[in-house]
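Below is one structure, written out as structure tokens; the observations come after it.
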Amino acid sequence: MAHSIRALAGACAVVALAAPAMAETLTIATVNNGDMIRMQKMTKPFTDANPDIQLEWVQLEENILRERVTTDIATNGGQYDVLTIGTYEVPLWAKQEWLTPLSDLPADYEVDDLIPAVRDALSVDGTLYAVPFYAESAMVMYRKDLAEAAGVTIPESPTWADIKTAAEKMTNKDGEVYGICLRGKPGWGENMAFLTAMANSYGARWFDMEWKPQFDSAEWKAALTDYLDLMTNYGPPGASSNGFNENLSLFQQGKCGIWIDATVAASFVTDPDNSTVADQVAFAQFPNKEGVDNHGNWLWAWSLAVPATSDAQDAAKKFVAWATSKAYTDEVAAADGWRAAPPGTRTSLYENAEYQSAAPFAAMTLTAINSANTQKSSVQDIPYTGGQFVAIPEFQGIGTAVGQQFAAALAGQMSGDDALAAAQSNTEREMARAGYPK
Amino acid sequence: MARAVSTQTKIGWTIAAWIVALLIFFPILYTVITSFKTENEAISGFNMIPSFTLDSYREVQSQYNYFRPFMNSVVIAVGSTVLALLVAVPAAWAMAFSPTKHTKDILMWMLSTKMMPAVAVLVPIYLIFLRTGLMDTRIGLVIVLMLMNLPIVVWMLYTYFREIPGEILEAARMDGATLQQEIVHVLTPMAVPGIASTLLLNVILAWNESFWTIQLTTTNAAPLSAFIASFSSPQGLFWAKLSAASVMAIAPILIMGWFSQKQLVRGLTFGAVK
Amino acid sequence: MATRQTQSLARLMRAPAIILLLIWMIVPLGMTLYYSFLNYNLLNPASTSWAGFFNYKYFYTDPAFWESIWNTLVLVLGVLLITVIGGILIAMLIDKPIFGQGIVRILVISPFFVMPPVAALIWKNMIMHPSYGVFADIAKFFGMSPVDWFAQYPLFSIIVIVAWQWLPFATLILLTSLQSLDGEQMEAAEMDGAPALSRFFYLTLPHMSRAITVVILIQTIFLLGVYAEILVTTNGGPGNASTNLTYLIYRAARLNFDIGGAAAGGIIAVVLANIVAIFLMRAVGKNLD
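These protein sequence lines are chains A, B and G, in that order.
The numbering of the first sequence is my numbering, which starts it at 1 and goes up by one.
The numbering of the second sequence is my numbering, which starts it at 1001 and goes up by one.
The numbering of the third sequence is my numbering, which starts it at 2001 and goes up by one.
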């Protein structure tokens, strides 16, 4: 019955697709970012090699995609065969047994070539549950020309004081050049990713060992105060609605002196086709506070996983292995140049001389990824894992609610202290509801 | 003399009306213009004259084949509307011509079902859709959108039918017309404008629905609301591309609206014309 | 005899619509009611348990709850105010004999055909964007610093967007009503030397009262459910400044995946919406007879 209704409704679609007999259809859910769109356009070698596999794409904006995919996987919907998810979801979903283990990848996949930090982040108890499409840490990107003109130097491993001095000197508000651009748009994956990493580098932590929120700590206060100070004095207008993409646009148009964000941005800001400042960008490590040995510990990998409910497991595994293989990287390099190769996933890419010369940011990216410790992201003792996020299911909600408070502070609608107090009580409430300490 | 004044006044009113109309239309106009700009033009300040490039449209099309969501939108909007009319016309008819003392309450109750926030019932509906195989099918969406808009449709038709004077009915009955004749020859011609504008309004509402249409589809039945959700977050320079995608999503219904504007207005009275 | 036949026929004709809506209401409502008593998080389905009234308590003790009720009221009333007053003025304007009336009318009703997420995207990126929006360009032209609308006036910005979408609807209904106004009566009043303003208040406005009622009723139903515009533009922030009740429920259901909490919020929203409906019917319902 169920199938007949479905068959009836799908009849037109099937006819339109004129699928060859016995073809398997893979429904692939992806985020609508540049690298994923490129992947969709480059699947010809895969479909040529696997004529019996048809690819269907669902591309959605990140938040809508997350909602859709989570609803489906949690209700055993089985609508998707390949999911694009991040390092936050992989361990949580693997524990719910929602993902198929990827332990039997083909030998030529060279699973040992994956950068260890990334591989660990996608594994639970040594079993890989997703393969990385591209990975990122965070670093400082800044304008050589502006720094020179302003007479400042940013060391390879700057402190927040260095950043502040440089931002101050580079700012020229009449010329629409702002010393520093940072994320302000509320969201656990937007401003809270940055602020959590920044707080880490100030020695702060989200929770103590009893899962008590720590927004009332001196470290958080120092981090948020400096953030607000930097952004109000040297940041662009409307910073509280700027996320990764907005800042990318601003930087590409030469409106930012310094931008501290995901390493993956490096290839975009040095792309002469889209960036007006492509040849003026220099890189440095994520800053730390004097005396705190912590550079934020940001690590994220957009990864491909196969849900346990998929009815085309083998085809799906074939696809995820192909899309994250060395061969795919070579294809991208051949089509769009080495600078466009998906970064951060394979050691071999960073040993490739062609890549090193095409991508001036390669060394800094690798350093940043390798130094990210997601097992212990704070210098204090913590009960959780995760770098720029806390790897508990409740974090999406809590992180976004806290992000809203901090965005309100950035927009000038409340003071930093009030935002911290609101964040503290809000988080306490949510954690109590979720039943912590567990 | 009087003529001259009236022409002058007319020009005055014309200017005022055009200013207001252009202000209201401006966001749409500017989006259309931006869709023909290059990405760099799109962000380099206010500019009403684009370089008329079709690059953005090509880019959007290469990323997401427009034809399928477009067809899905058409099928879902028209299908749910026709289905809703099939159910609603008899109901509204009965309520208008044989009202009981509960008719008003039933109507209000119907409208109140629209006040339930859709997101609160998402999980139950999602589960039902999975169990019945309606997930990602056009039929599933047709049913949901039909139910969603049914209250408005019934109410709109009811208010319209009620304006049809009862005396005509009486007269026809006196002449010995059967119920069937009554409906076909007397009432239907009078009811058509109301039905037509109800139909148009409902097509618009169904076309623009963007919660269920995204949540209950993946690929096969995904309409234009899902199409636009693929372009809604910025990727570096994206203003021209977003404009092109927006134009593609709204153009069909906008053009339909323009052409059927007269019919839409004629019946859009909600019984408010007395 | 004829009446009995007609009445049973009428019952038969009414039945499908009523039964369908009854099912559409009762099944989801029943399931929502059931979920609202569960500790049920989509991300952790294994630990689902009976919660009693905890979800309700949790929802209304949310610091954002009262703020969201207030924001809902401001949003609904603000949009109603703009669309009704604006609608009357525009309807009167385009009812005048003007050149190109057809085109003017088409331009004015166009926003109604734009789907809510697209409308929000257009306003957010083309019009109100602090760097690239038209408002920013205008501000720069006059040498002022651009306003960051969604950060500084979040709720107001959303009211503007929603009002823009509903202004055509109000205008259309008010226009049809205006056109049915008795011209002779108006002329007579004019002859008697009644000034334009009192003609408006004593003739036009009372004539339109029924249409205004309809506008208020229909729009309120849709305005209580506004969330897409908020999701696209401000995400309910900064803080909770632009969170309305529907968005608060959306947040619980889609961000926290807290099905139990969202269900409780949904039930609360239904109850409140019905209170509003009753209030509305009392206040303006007489106009509908």
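For every residue, glycine included, the Cβ atom is placed at its ideal position computed from N, Cα and C.
Task: DSSP state of G/G2266 mapped onto helix, strand, coil - done: Residue 2266 of chain G sits at position 266 when you count from the first residue of the third sequence. In the structure shown, G/G2266 sits in a helix (DSSP, three-state: H, G or I).
TODO: Please check if any C-beta of chain G sits within less than 8 Å of the C-beta of A/A21.
DONE: Position 21 of the first sequence, counted from the start, is the residue given in the question as residue 21 of chain A. Low per-residue confidence applies at A/A21: pLDDT is 47, beneath 50, and the placement is therefore not dependable, though the value from the model is reported in the following sentence. Not an interface residue.
Task: Inter-residue Cα distance where the pair is B/I1015 and G/I2138 - done: Counting from 1 along the second sequence, the entry for residue 1015 of chain B is found at position 15. Counting from 1 along the third sequence, the entry for residue 2138 of chain G is found at position 138. For B/I1015 and G/I2138, the gap between their C-alpha atoms comes out near 22 Å.
- [ ] Would you check if the region 316–332 of chain A and the region 220–232 of chain A touch, i.e. whether three or more CB-CB distances between them fall below 8 Å?
- [x] As far as the Cβ criterion goes, the region 220–232 of chain A does not touch the region 316–332 of chain A, which means the pair count is below three.
- [ ] Please work out which residues of its chain come closer than 7 Å, Cβ to Cβ, to A/L114, disregarding the five sequence neighbours upstream and downstream, and give them in chain order.
- [x] Start at 1 with the first residue of the first sequence, and residue 114 of chain A comes out as number 114. P132, T345, R346, listed in sequence order.
- [ ] Report the partner residues of A/A167 according to the DSSP bridge assignment.
- [x] In the first sequence, counting from the first residue as 1, residue 167 of chain A sits at position 167. Looking at the DSSP output, A/A167 sits in no beta bridge, so it has no partner there.
Task: Extent of the continuous alpha helix (DSSP H) run through A/S201 - done: Within the first sequence, residue 201 of chain A is the residue found at index 201, counting from 1. Taken as a continuous stretch (DSSP letters only), the alpha helix (DSSP H) holding A/S201 covers 191–201.
Open item on the list: Is B/Y1064 close to chain G? Criterion is C-beta to C-beta, closer than 8 Å.
Closed with: Counted from its first residue, the second sequence places residue 1064 of chain B at position 64. The beta carbon of B/Y1064 sits no closer than 8 Å to any beta carbon of chain G.
Open item on the list: For a test of the three-state rule: what should DSSP assign to B/M1256, helix, strand or coil?
Closed with: On the second sequence, residue 1256 of chain B is found 256 positions in, with the first residue counted as 1. Looking at B/M1256 - three-state DSSP - the assignment turns out to be helix.
- [ ] Determine, using beta carbons only, whether G/L2084 and G/I2216 come nearer to each other than 8 Å.
- [x] The residue given as residue 2084 of chain G occupies position 84 in the third sequence. The residue given as residue 2216 of chain G occupies position 216 in the third sequence. Just to set this straight, residue 2084 of chain G is Val in the shown sequence, not Leu. Going by beta carbons, G/V2084 and G/I2216 fall inside the 8 Å limit.
Task: Under 8 Å from the C-beta of B/T1219: neighbouring residues of chain A - done: For the purposes of this step, residue 1219 of chain B is identified with residue 219 of the second sequence, where counting begins at 1. Here the neighbours are T27, E56, W57, V58.
Task: Cut-off 6 Å between Cβ atoms - residues of its own chain near A/L338, not counting five sequence neighbours on either side - done: Residue mapping note: residue 338 of chain A aligns to position 338 of the first sequence, counting from 1. For the record, residue 338 of chain A in the displayed sequence is Trp; it is not Leu. Leaving aside the five residues that flank A/W338 on each side, the residues in its chain whose CB is nearer than 6 Å to its CB run, in chain order, E354, Y355, A358.
Task: Rounded separation between A/T75 and G/L2042 - CA only - done: What you label residue 75 of chain A is simply residue 75 of the first sequence in a count that begins at 1. What you label residue 2042 of chain G is simply residue 42 of the third sequence in a count that begins at 1. Spanning the two alpha carbons is a distance of roughly 8 Å.
Open item on the list: Residues in the same chain with beta-carbon distance under 7 Å from A/V15, minus the five sequence neighbours each way, listed in chain order, please.
Closed with: Sequence index remark: in the first sequence, residue 15 of chain A carries index 15 (1-based). With a pLDDT of only 41 at A/V15, under the threshold of 50, the placement of this residue in the model should not be trusted, and no figure is reported.
- [ ] Out of A/F244, A/S123, A/M36, state which residue places its alpha-carbon closest to the alpha-carbon of A/T324.
- [x] Here residue 324 of chain A corresponds to residue number 324 of the first sequence, with the count starting at 1. Minimum Cα distance to A/T324 is reached at A/M36.
TODO: Could you spell out the range, first to last residue, of the beta strand (DSSP E) harbouring A/S267?
DONE: On the first sequence, residue 267 of chain A is found 267 positions in, with the first residue counted as 1. Under the DSSP assignment, A/S267 falls outside any beta strand (DSSP E), being part of the alpha helix (DSSP H) whose first and last residues are 265–269.
Task: Coil, strand or helix - A/D418 by DSSP - done: Walking along the first sequence from the start, residue 418 of chain A turns up at place 418. Three-state DSSP puts A/D418 in a helix.
Task: Simplified DSSP state of G/Y2153, which is helix, strand or coil - done: Mapped onto the third sequence, residue 2153 of chain G falls at position 153. In the structure shown, the three-state DSSP call for G/Y2153 is coil.
Open item on the list: Please list, in chain order, the chain B residues whose beta carbon lies closer than 7 Å to that of A/Q79.
Closed with: As a position in the first sequence, residue 79 of chain A is number 79, starting the count at 1. A/Q79 reaches chain B at M1135, D1136, T1218, counting residues in chain order whose Cβ is nearer than 7 Å.
Open item on the list: Quick check on A/N172: does DSSP put it in helix, strand or coil?
Closed with: What you label residue 172 of chain A is simply residue 172 of the first sequence in a count that begins at 1. Look at A/N172 here: in three-state DSSP terms it is strand.
- [ ] For A/A372, count neighbouring Cβ atoms within 10 angstroms of its own Cβ and tell me buried if that reaches 16, exposed if not.
- [x] Looking up residue 372 of chain A in the first sequence gives position 372. With 16 or more other Cβ atoms within 10 Å, it is buried.
- [ ] May I have the straight-line CA-CA distance separating B/G1140 from B/S1080, to the nearest angstrom?
- [x] Within the second sequence, the letter at position 140 stands for residue 1140 of chain B. Within the second sequence, the letter at position 80 stands for residue 1080 of chain B. Distance between the alpha carbons of B/G1140 and B/S1080 is about 10 Å.
- [ ] List the residues of chain A that B/Y1126 touches, going by C-beta distances under 9 Å, in chain order.
- [x] For this step, residue 1126 of chain B is matched to residue 126 along the second sequence. Going along chain A in sequence order, the residues near B/Y1126 (Cβ under 9 Å) are T71, D72, T75, G77.
TODO: Would you kindly check if the distance between the Cβ of A/R68 and the Cβ of B/Q1215 is under 8 Å?
DONE: What you label residue 1215 of chain B is simply residue 215 of the second sequence in a count that begins at 1. What you label residue 68 of chain A is simply residue 68 of the first sequence in a count that begins at 1. With respect to the 8 Å criterion, B/Q1215 and A/R68 are classified as neighbours on the basis of their beta carbons.
- [ ] Kindly indicate if chain A contains any beta-carbon less than 8 Å away from that of G/N2235.
- [x] The count along the third sequence starts at 1 and reaches residue 2235 of chain G at position 235. Chain A contact via Cβ: present.
TODO: Pull up the distance between the alpha-carbon of B/V1186 and that of G/L2181, whole angstroms please.
DONE: In the second sequence, residue 1186 of chain B corresponds to position 186, counting from 1. In the third sequence, residue 2181 of chain G corresponds to position 181, counting from 1. Rounded to whole angstroms, B/V1186 to G/L2181 spans 27 Å at the Cα level.
Open item on the list: Going by C-alpha to C-alpha distance, which of A/Q313, A/A341, A/N297 sits closest to A/T367?
Closed with: Translated into positions along the first sequence, residue 367 of chain A becomes position 367. Cα-wise, what sits closest to A/T367 is A/N297.
Task: Segment contact flag, the region 1047–1058 of chain B with the region 1236–1247 of chain B, C-beta cutoff 8 Å, min 3 pairs - done: Short answer: they touch.
Task: Rounded C-alpha distance that separates A/V151 from A/K169 - done: Sequence index remark: in the first sequence, residue 151 of chain A carries index 151 (1-based). Sequence index remark: in the first sequence, residue 169 of chain A carries index 169 (1-based). What sits at residue 151 of chain A in the sequence shown is Gly, not Val. Here the alpha carbons of A/K169 and A/G151 stand approximately 8 Å from one another.
- [ ] Check each residue of the region 1191–1208 of chain B: if its Cβ is closer than 8 Å to any Cβ of chain G, include it; give the result in chain order.
- [x] Within the region 1191–1208 of chain B, the residues whose Cβ lies closer than 8 Å to any Cβ of chain G are, in chain order, I1204, W1207, N1208.
Task: Per-residue DSSP class, three states only, for A/V277 - done: Against the first sequence, residue 277 of chain A aligns to sequence position 277. Coil, per DSSP.
TODO: Scan the region 376–405 of chain A for residues whose Cβ lies nearer than 9 Å to a Cβ of chain G and list them as they occur along the chain.
DONE: The region 376–405 of chain A vs chain G, Cβ under 9 Å: P393, E394, Q396, G397, I398, T400, A401, G403, Q404, Q405.
TODO: Quickly, what does DSSP pair A/P307 with across the bridge? List them, please.
DONE: Counted from its first residue, the first sequence places residue 307 of chain A at position 307. Its beta-bridge partners are A/L99.
Task: Through-space distance from A/N191 to A/P213, alpha-carbon basis - done: Stepping through the first sequence from its first residue, residue 213 of chain A is reached at position 213. Stepping through the first sequence from its first residue, residue 191 of chain A is reached at position 191. Near 18 Å, if we compare the C-alpha coordinates of A/N191 and A/P213.
Open item on the list: Residues of chain B with CB closer than 7 Å to the CB of A/I37, please, in chain order.
Closed with: Sequence index remark: in the first sequence, residue 37 of chain A carries index 37 (1-based). Going along chain B in sequence order, the residues near A/I37 (Cβ under 7 Å) are Q1063.
- [ ] Give me the Cα-Cα distance between G/N2274 and B/A1229, rounded to the nearest whole angstrom.
- [x] By 1-based counting over the third sequence, the position of residue 2274 of chain G is 274. By 1-based counting over the second sequence, the position of residue 1229 of chain B is 229. Note on geometry: alpha-carbon atoms of G/N2274 and B/A1229 lie some 32 Å from one another.
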